[in-house]
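**Student:** Residue numbers (the UniProt record's numbering): 1 to 318.
Quick look at the structure:
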């Protein structure tokens, strides 16, 4: 079995300081989550439906971001249609989050029995050919599932992440993510260790829809608007000598199962310009999200950075 330890990777360890009273609330929440995940999925969906109907009425920043995103991406839809999308999105989110602890509480066989994978042959073909791969993974609620599932099947993932402020949550999340293998690198450490791990055979886990600011982005179309889209995927593919494989992760709240759709590698790729690469990346997201919009994290600051000094759309005008 591959030794997944890398001194350059992020490897948090348990500390007795985690038992300090300031973390008791976190531990109680963890215990509650462990119990919730054992409930039948229909019960969790019913509870999520009740919570979602209340949540959409709150005057919260998350609701504002979601409504702004939906309006900018789908201006042709009516307010009622977008509100229906938001409600279903929250039901999916609540159902998934109430079962998220199952990744730690349940065993490998449970995960296998409750996950449907479509298109794994695309990864198998790359591995048999000796090719490296970077997975293009948009921000859906079930974004962590493919990394855990693939590692459990002997295909460990390498990812970059930002350390959480709550050290207990950070440690627990890390343990859950790498329980079957894999590596996580802190973004502050740069991208070289991530590239090295891909060359060593790890599946790169690339999140294409984050807004990292104008200095790290190019502005290209995203649905009906323009988005500051991460630049450099073409260079990353060349440096890591990897194929780019789109992947969409789903939690089906009706069946209680995870679904992973793996698509053929992008070809040709990279294209002639960073703008073309970024636009192709966004087109992938648009295709998958249009089919299953309830899965996407619409609450994120997806469109914060605007072209030509445009105003932050989430800012409340006084």
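Glycine residues also receive a C-beta, built at the ideal position from the N, C-alpha and C atoms.
Taking all protein chains shown into account, decide if residue 246 is buried (16 or more other Cβ within 10 angstroms of its Cβ) or exposed.
**Tutor:** Residue 246 should be labelled buried.
**Student:** Threshold first: 4 residues or longer. Then list the alpha helix (DSSP H) segments lying entirely within the segment 139-175, N to C.
**Tutor:** Correct list: 145-152.
**Student:** For residue 269, collect the residues of the same chain with a Cβ closer than 6 Å to its Cβ; drop the 5 residues on either side in sequence, then sort them by chain order.
**Tutor:** Here the set comprises 244.
**Student:** Keeping to the same chain, check which residues put their C-beta closer than 7 Å to that of residue 169; ignore five residues upstream and five downstream.
**Tutor:** Within the same chain, residue 169 has close Cβ partners 26.
**Student:** Just to confirm, are residue 186 and residue 165 a CB contact at a threshold of 8 Å?
**Tutor:** No, they are not a contact pair.
**Student:** Can you look up residue 91 in the DSSP assignment and give me helix, strand or coil?
**Tutor:** Of the three classes helix, strand and coil, the one that applies to residue 91 here is helix, per DSSP.
**Student:** Taking one C-beta from the segment 36-56 and one from the segment 82-93 each time, how about it: are there three or more such pairs within less than 8 Å?
**Tutor:** A contact exists between the segment 36-56 and the segment 82-93.
**Student:** DSSP beta-bridge partners for residue 217?
**Tutor:** Bridge partners of residue 217: 230.
**Student:** How about residue 248 and residue 140: do their beta carbons lie closer than 8 Å?
**Tutor:** It is a contact, given that the beta carbons lie within the stated cut-off.
**Student:** Going along the chain, which unbroken runs of the beta strand (DSSP E) with 3 or more residues stay wholly within the segment 177-206?
**Tutor:** You should have 183-186, 203-206.
**Student:** Quick check on DSSP: helix, strand or coil for residue 65?
**Tutor:** DSSP places residue 65 in helix when its eight states are reduced to three.
**Student:** With a CB to CB cut of under 7 Å and the five nearest residues on each side skipped, what residues in its chain are close to residue 209?
**Tutor:** Within the same chain, residue 209 has close Cβ partners 138, 139, 285, 302.
**Student:** Report the rounded CA-to-CA distance for residue 197 versus residue 58, giving the unit in angstroms.
**Tutor:** Approximately 43 Å between the Cα atoms of the pair.
**Student:** Taking the alpha carbon of residue 212 as the point to measure from, which residue in 60, 300, 221, 72 has its own alpha carbon closest?
**Tutor:** Closest option to residue 212, Cα to Cα, is 300.
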